[in-house]
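**Student:** Per the numbering used here, residue 122 is the first one in the sequence shown, and the count goes up by one each step.
By construction, the Cβ of each residue, glycine as well, lies at the ideal position given by its N, Cα and C atoms.
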Amino acid sequence: MVVCLSGLWRYRNYLIIFLIPLLILPLPLIVGGPEASCGFVIILMALYWCTECMPLAVTGLLPVILFPMMGIMESSEVCNQYMKDSNMLFVGGLLVAIAVEYWNLHKRIALRVLLLVGVRPALLMMGFMGTTAFLSMWISNTASTAMMLPIANAVLKQLCDTEAQAEEREMELMVIRGAGTGTGVPKGQENQAFEMGDKEKSITIEPEPEVEESLEARERRLKREAKYLNLDKGMSLSVCYAASIGGTATLTGTTPNLILKGQVDELFPGNGDIINFASWFGFSFPNMVLMLIISWLWLQFMYLGCNMKKSFGCGMNKDGDKEAYGVMKNEYKKLGSMCFAEGCILVLFVLLVLLWFTREPGFMPGWATVLFNKDRPYVTDGTVAILMSTLFFMIPSQLPRCGGYSEDGKPLKAPPTLLNWDVVQEKMPWNILLLLGGGFALARGSEVLSVCRLFSLSKSVGLCFLFLNKNDDNCGYVFLCVQVSGLSQWLGESLAPLQSIPPFAISFLLCLLTATFTECSSNVATTTLFLPILASMAVAIKLHPLYVMLPCTICASLAFMLPVATPPNAIAFSYGNLKVMDMAKAGFVLNIVGVITINIALNTWGAAMFNLNTFPDWANVTTIHTL
Numbered sequence: 122m123v124v125c126l127s128g129l130w131r132y133r134n135y136l137i138i139f140l141i142p143l144l145i146l147p148l149p150l151i152v153g154g155p156e157a158s159c160g161f162v163i164i165l166m167a168l169y170w171c172t173e174c175m176p177l178a179v180t181g182l183l184p185v186i187l188f189p190m191m192g193i194m195e196s197s198e199v200c201n202q203y204m205k206d207s208n209m210l211f212v213g214g215l216l217v218a219i220a221v222e223y224w225n226l227h228k229r230i231a232l233r234v235l236l237l238v239g240v241r242p243a244l245l246m247m248g249f250m251g252t253t254a255f256l257s258m259w260i261s262n263t264a265s266t267a268m269m270l271p272i273a274n275a276v277l278k279q280l281c282d283t284e285a286q287a288e289e290r291e292m293e294l295m296v297i298r299g300a301g302t303g304t305g306v307p308k309g310q311e312n313q314a315f316e317m318g319d320k321e322k323s324i325t326i327e328p329e330p331e332v333e334e335s336l337e338a339r340e341r342r343l344k345r346e347a348k349y350l351n352l353d354k355g356m357s358l359s360v361c362y363a364a365s366i367g368g369t370a371t372l373t374g375t376t377p378n379l380i381l382k383g384q385v386d387e388l389f390p391g392n393g394d395i396i397n398f399a400s401w402f403g404f405s406f407p408n409m410v411l412m413l414i415i416s417w418l419w420l421q422f423m424y425l426g427c428n429m430k431k432s433f434g435c436g437m438n439k440d441g442d443k444e445a446y447g448v449m450k451n452e453y454k455k456l457g458s459m460c461f462a463e464g465c466i467l468v469l470f471v472l473l474v475l476l477w478f479t480r481e482p483g484f485m486p487g488w489a490t491v492l493f494n495k496d497r498p499y500v501t502d503g504t505v506a507i508l509m510s511t512l513f514f515m516i517p518s519q520l521p522r523c524g525g526y527s528e529d530g531k532p533l534k535a536p537p538t539l540l541n542w543d544v545v546q547e548k549m550p551w552n553i554l555l556l557l558g559g560g561f562a563l564a565r566g567s568e569v570l571s572v573c574r575l576f577s578l579s580k581s582v583g584l585c586f587l588f589l590n591k592n593d594d595n596c597g598y599v600f601l602c603v604q605v606s607g608l609s610q611w612l613g614e615s616l617a618p619l620q621s622i623p624p625f626a627i628s629f630l631l632c633l634l635t636a637t638f639t640e641c642s643s644n645v646a647t648t649t650l651f652l653p654i655l656a657s658m659a660v661a662i663k664l665h666p667l668y669v670m671l672p673c674t675i676c677a678s679l680a681f682m683l684p685v686a687t688p689p690n691a692i693a694f695s696y697g698n699l700k701v702m703d704m705a706k707a708g709f710v711l712n713i714v715g716v717i718t719i720n721i722a723l724n725t726w727g728a729a730m731f732n733l734n735t736f737p738d739w740a741n742v743t744t745i746h747t748l
């Protein structure tokens, strides 16, 4: 029996792949119609994404196969969803990140910050967290974690080694002092036998101090190792948590943020570009700083204690600190002076951020509005990202020189550009693009369906997606939840109890649910599955869609409790001598704190920025949106 069960467990992915379609096949066969077929695809992809029986990107390609075969959408229309504006924004942001990593600009920034904060435990942790969070705003969370953890380990190892050497020197001094306190042969003793007796006495007594010294040294060593093991755990957790928190600050910082923008633009096409780089940064950056400070205080309490003198080094001046500082300084010196390529990338990076902020700041007309977007949104954040990232393939990595010869006497070749396609092809996570496209294809497939039999389908599968139908009379898309089917009425009746619950309670409970779900599922799959359902629910109970979609998107990045929850956690788990319980204890509190801080931000400056206290016209189910 045990052998049989173990065999089934080994082949569990194959069983899931083949059994799940068979189990839900009665849905399209019994209910029938394209709506039931779409429900079949949605449930199948949701279960595949949750179980990860296949790579997430491969599951994201299923709409390309199933939608045309089931008569839901034409293949050309499905394929268009895999290269939307949000995907281009993602590609542009990743190209910038690849350029920064390729020329080690991120390492230069990190080491420079650490040299400024010093090596005191609490300040060192603050420096690592701040640097990691800043890098994660622009490059992938995984890359920033993989870069910062080796630096943290090297610094901590140097601190531990120098403290051990100092203790050894101290013990040697104690032995020398002990040897000079009369353990030798007394002077003035003429009796040989007495001298021999003294010698025998000294021979029997001398090992005792050595035994005492070895025991003391062993206790010191164990205490030192326990202290630095604890510090290593705290530092590893601080880096991986800061990476996840920092990614929430910018629209391109992590994939769930872009999924929210894509879903909002797809489900509510008349939203007036409510989610853009500037508006997202204005809401999420203060929340990120708040979460980072609270996380630092919590990890400080857990792994460093409340001893301000030891943590901040008040009144202390150790040689070990200087040597550990020297390690970071030597690493920084190895980078050499900033080269022409690094300077170009830094300038382009700063220019990209400025263009993103000023494109549509909200409080004044942006440059895109004045120059291009006078009647339609021609230029988006994706346009800017692709424009700036394209320059990496046009600008040389060295200053051009006229003439000159190499060592072998041949004329110098033209320098390579800042980026080449071989590097991009190696480092670009193409699988995320397919995963994003799969989510957009699901949303689009739901929209273009006729909803004549949607009422029965919704009752069958329990999926509250927002469906749209084509109206040929006015050449626009009409929300038909009210006009054609009983879906809106059924949704309203089913979710009527939620209208009696305060909105902040609804948001808080949904954030807890999302934060729990994302621990055992990828944050991309979580947001792809949850956001359409949350949009339908918000419309049904006349609640601003962003009031639930925005906090749940950020909560999907709060995967702090398990090593498998997110790649930064897995990297820290392998580096930091961590146990699952260490991560669970620290992460549980941070999950709760994160949910609380996000809801505080939502109901304070978030409500003022997005006008969340009123139900917008663009989300009204009876509004006609002409394309």
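Counting only runs of 4+ residues fully inside the segment 123-154, write out the alpha helix (DSSP H) ranges in chain order.
**Tutor:** Fully enclosed alpha helix (DSSP H) runs of 4 or longer: 123-131 and 133-145.
**Student:** Mind checking whether Gly368 and Asn262 have CB atoms under 8 Å apart?
**Tutor:** Yes, the Cβ-Cβ distance between Gly368 and Asn262 is below 8 Å.
**Student:** Check each candidate in Asp502, Ile219 and Phe493 and name the one with the smallest Cα separation from Val544.
**Tutor:** Val544 has its Cα closest to that of Ile219, out of Asp502, Ile219 and Phe493.
**Student:** Check the DSSP bridge columns for Pro517 and list the partner residues they point to.
**Tutor:** Paired residues: Thr538.
**Student:** Kindly indicate which three-state DSSP category Glu222 falls into: helix, strand or coil?
**Tutor:** Here Glu222 sits in helix by DSSP.
**Student:** For Asn724, which residues of its own chain have a beta-carbon under 7 Å away from its beta-carbon, when the five flanking residues on both sides are left out?
**Tutor:** Taken in chain order, the residues that qualify are Phe625.
**Student:** If you reduce the DSSP assignment to three classes, tell me which class Pro271 lands in.
**Tutor:** Helix at Pro271.
**Student:** Count the other C-beta atoms from every protein chain shown that fall within 10 angstroms of the C-beta of Asn712, then say buried if there are 16 or more, exposed otherwise.
**Tutor:** Buried is the call here.
**Student:** Report the residue from Pro688, Phe709, Leu667 and Asn690 whose alpha carbon sits nearest the alpha carbon of Met730.
**Tutor:** Minimum Cα distance to Met730 is reached at Leu667.
**Student:** Would Ile163 be called buried (16 or more neighbouring beta carbons within 10 Å of its own) or exposed?
**Tutor:** With 16 or more other Cβ atoms within 10 Å, it is buried.
**Student:** Apply the 10 Å Cβ neighbour rule to Val471 and answer buried if 16 or more other Cβ atoms are within range, or exposed otherwise.
**Tutor:** Exposed: under 16 other Cβ atoms inside 10 Å.
**Student:** Please go through the segment 193-259 and give each complete alpha helix (DSSP H) segment of 4 or more residues, from N-terminal end onward.
**Tutor:** With a minimum length of 4 residues, the continuous alpha helix (DSSP H) runs that stay inside the segment 193-259 are 196-201, 206-223, 226-238 and 242-257.
**Student:** For the alpha helix (DSSP H) that contains Leu472, what are its first and last residues?
**Tutor:** Phe461 to Arg480 is the extent of the alpha helix (DSSP H) around Leu472.
**Student:** Given this structure, state the Cα-to-Cα distance separating Leu733 from Val212, to the nearest angstrom.
**Tutor:** Cα to Cα, Leu733 sits roughly 31 Å from Val212.
**Student:** Using 8 Å for Cβ pairs, my map puts Asn552 next to Ala178. What's the rounded Cβ distance?
**Tutor:** Confirmed, about 4 Å.
**Student:** Compare the Cα-Cα distances from Leu183 to each of Ala686, Leu563 and Lys348 and report the closest residue.
**Tutor:** Minimum Cα distance to Leu183 is reached at Leu563.
**Student:** Less than 8 Å separating the beta-carbons of Glu481 and Ala399?
**Tutor:** Yes, they are a contact pair.
**Student:** Along the chain, where does the alpha helix (DSSP H) that runs through Asn712 open and close?
**Tutor:** It spans Val701 to Ala722 - the alpha helix (DSSP H) in which Asn712 sits, taken as one unbroken run.
**Student:** If you follow the alpha helix (DSSP H) that Ser750 is part of, which residue opens it and which one closes it?
**Tutor:** Absent from the structure is residue 750, since the part of the chain shown begins at 122 and ends at 748.
**Student:** Return the CA-CA distance between Pro618 and Met658, expressed in angstroms with no decimal places.
**Tutor:** For Pro618 and Met658, the distance between alpha carbons rounds to 12 Å.
**Student:** Ordered along the chain, which non-local residues of its own chain (more than five positions away) have a Cβ less than 6 Å from that of Ala370?
**Tutor:** For Ala370, where only same-chain residues beyond five positions count, the Cβ hits under 6 Å are Met258, Ser405, Phe406 and Met409.
**Student:** Use the C-beta contact count for Cys125: other C-beta atoms within 10 angstroms, 16 or more gives buried, fewer gives exposed.
**Tutor:** Burial call: exposed.
**Student:** For Ile395, which of helix, strand or coil comes out of DSSP?
**Tutor:** In the structure shown, Ile395 sits in coil (DSSP, three-state: anything other than H, G, I, E or B).
**Student:** Could you check if Glu311 is buried or exposed, using at least 16 other CB atoms within 10 Å of its CB as the buried criterion?
**Tutor:** With a pLDDT of only 44 at Glu311, under the threshold of 50, the placement of this residue in the model should not be trusted; the figure read from the coordinates follows. With fewer than 16 Cβ atoms within 10 Å of its Cβ, Glu311 is classed as exposed.
**Student:** What does a CB cutoff of less than 6 Å around Glu393 pick up in its chain, not counting 5 residues either side in sequence?
**Tutor:** The sequence given here places Gly at residue 393; Glu does not occur at that position. Within the same chain, Gly393 has no close Cβ partners at all.
**Student:** In or out: Arg565 buried (at least 16 other Cβ within 10 Å) or exposed?
**Tutor:** Buried is the call here.
**Student:** Quick one: give me the first and last residue of the alpha helix (DSSP H) that Lys382 is part of.
**Tutor:** Counting along the chain, the alpha helix (DSSP H) containing Lys382 begins and ends at Thr376 to Leu388.
**Student:** Figure out for me which residue from Ala691, Pro142 and Asn225 has the closest Cα to the Cα of Gly457.
**Tutor:** It is Asn225 whose Cα lies nearest to the Cα of Gly457.
**Student:** Return helix, strand or coil for Ala646, following the three-state DSSP convention.
**Tutor:** The answer is helix: DSSP assigns Ala646 an H, G or I state.
**Student:** Checking 8 Å against the spacing of the C-beta atoms, do Met509 and Thr538 come in under that value?
**Tutor:** No, these two residues do not count as a Cβ contact at 8 Å.
**Student:** CB-CB under 6 Å to Leu631, same chain, minus the five flanking residues each way: which ones, in chain order?
**Tutor:** For Leu631, where only same-chain residues beyond five positions count, the Cβ hits under 6 Å are Val669 and Cys673.
**Student:** Under DSSP, the alpha helix (DSSP H) around Phe681 begins and ends at which residues?
**Tutor:** Looking at the DSSP string, Phe681 is not in any alpha helix (DSSP H), and its letter there is neither H nor E.
**Student:** Just reading off the alpha helix (DSSP H) that Pro624 is part of, what are its end residues?
**Tutor:** Unbroken alpha helix (DSSP H) run through Pro624: Pro624 to Phe638.
**Student:** Can you tell me the Cα-Cα spacing of Asn644 and Leu136, whole angstroms?
**Tutor:** Rounded to the nearest angstrom, the two C-alpha atoms are 24 Å apart.
**Student:** Which one of Leu350, Ala506, Ser197 and Leu652 has the shortest CA to CA distance from Val385?
**Tutor:** Checking every option, the nearest Cα to that of Val385 belongs to Leu652.
**Student:** Excluding the 5 residues preceding and the 5 following Leu232 in the sequence, name in chain order all residues of the same chain whose CB lies nearer than 8 Å to its CB.
**Tutor:** Ile272, Met449, Glu452, Tyr453 and Leu456.
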